[in-house]
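If you're matching them up, the sequences are chains A and B in order.
Mapping the first sequence onto the working numbering, position 90 (from 1) lands on 90, and the numbers just tick up by one.
Mapping the second sequence onto the working numbering, position 93 (from 1) lands on 93, and the numbers just tick up by one.
Every residue, glycine too, gets a C-beta built ideally from N, C-alpha and C.
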Amino acid sequence: GAGVSQSPSNKVTEKGKDVELRCDPISGHTALYWYRQRLGQGLEFLIYFQGNSAPDKSGLPSDRFSAERTGESVSTLTIQRTQQEDSAVYLCASSWLNTEAFFGQGTRLTVV
Amino acid sequence: RKEVEQDPGPFNVPEGATVAFNCTYSNSASQSFFWYRQDCRKEPKLLMSVYSSGNEDGRFTAQLNRASQYISLLIRDSKLSDSATYLCVVDTGNQFYFGTGTSLTVIP
């Protein structure tokens, strides 16, 4: 596709369940970022991939959060044992070298 | 210390006003700089890159001060449609860092 694609666009899950969020970056983009944005709040950095390695995972809020990336393509963000405070929009962005980062439209996660 | 810091605002300005946002960054080796715009319930999108010599795009002017490690965005003749959150972005050459954004509301 032409842009960054995220799926699902919306996810409602019960507290305690695990969820997987997917990001398909722009083809050829080596860098991939995950952010969390709570309602009315700013972007909260979660993790950064360069290729399939994660040189910066300092933003992952707890060990319930993990992410992986296959080569220079798809990334999945997994949240285990979801809590209500995990409700947010999860945004993925990709970029190549020092050029602009492009965002996907996000996954809106609601934990009930 | 955060890599990028912005005043979250909110800035509420009347139509036609001039408004300026500043953003500071901590890594003196940072290489590229950008301003992004995020509309309510949308993803951030590039507004403009920031060049060392400063650059202008219509009513928008971006400037970089490497000595003081800050970038600025000036919006002249504000329009209602400028209401959004503006995020500054710094690329250290290894990684992008996004500020948390400054909220602008232009009032009729």
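- For chain B, the residues of the stretch 74-100 of chain A that bring a beta carbon within less than 7 angstroms of one of its beta carbons are LEU91, SER95, ASN98 and GLU100, in chain order.
- The shortest CA-to-CA distance from ALA101(A) to any of ASP24(A), HIS29(A) and ASP63(A) is the one to HIS29(A).
- At a cut-off of 9 angstroms, the C-beta of PRO8(A) has no neighbouring C-beta in chain B.
- Bridge pairing for THR76(A): ARG22(A) and GLU68(A) [DSSP].
- In this chain, the beta strand (DSSP E) harbouring TYR97(B) covers 96-98.
- For SER81(B), the three-state secondary structure derived from DSSP is helix.
- Listed along chain B, the residues sitting closer than 8 angstroms to GLY106(A) by beta-carbon distance are GLU43.
- Collapsing the DSSP output to three states places GLU14(A) in coil.
- Identification of chain B residues near ASP24(A) by a Cβ-Cβ cut-off of 7 angstroms yields none; the smallest Cβ-Cβ distance measures about 14 angstroms.
- Distance between PHE96(B) and SER49(B), taken at the CA atoms: about 13 angstroms.
- With a cutoff of 9 angstroms on beta-carbon distance, VAL112(A) and GLU85(A) are scored as not near each other.
- Taking the Cβ atoms as the reference, PRO44(B) lies roughly 5 angstroms from PHE103(A), within the contact range of under 8 angstroms.
- Chain A places no beta carbon closer than 9 angstroms to that of GLN69(B), leaving this residue out of the contacts.
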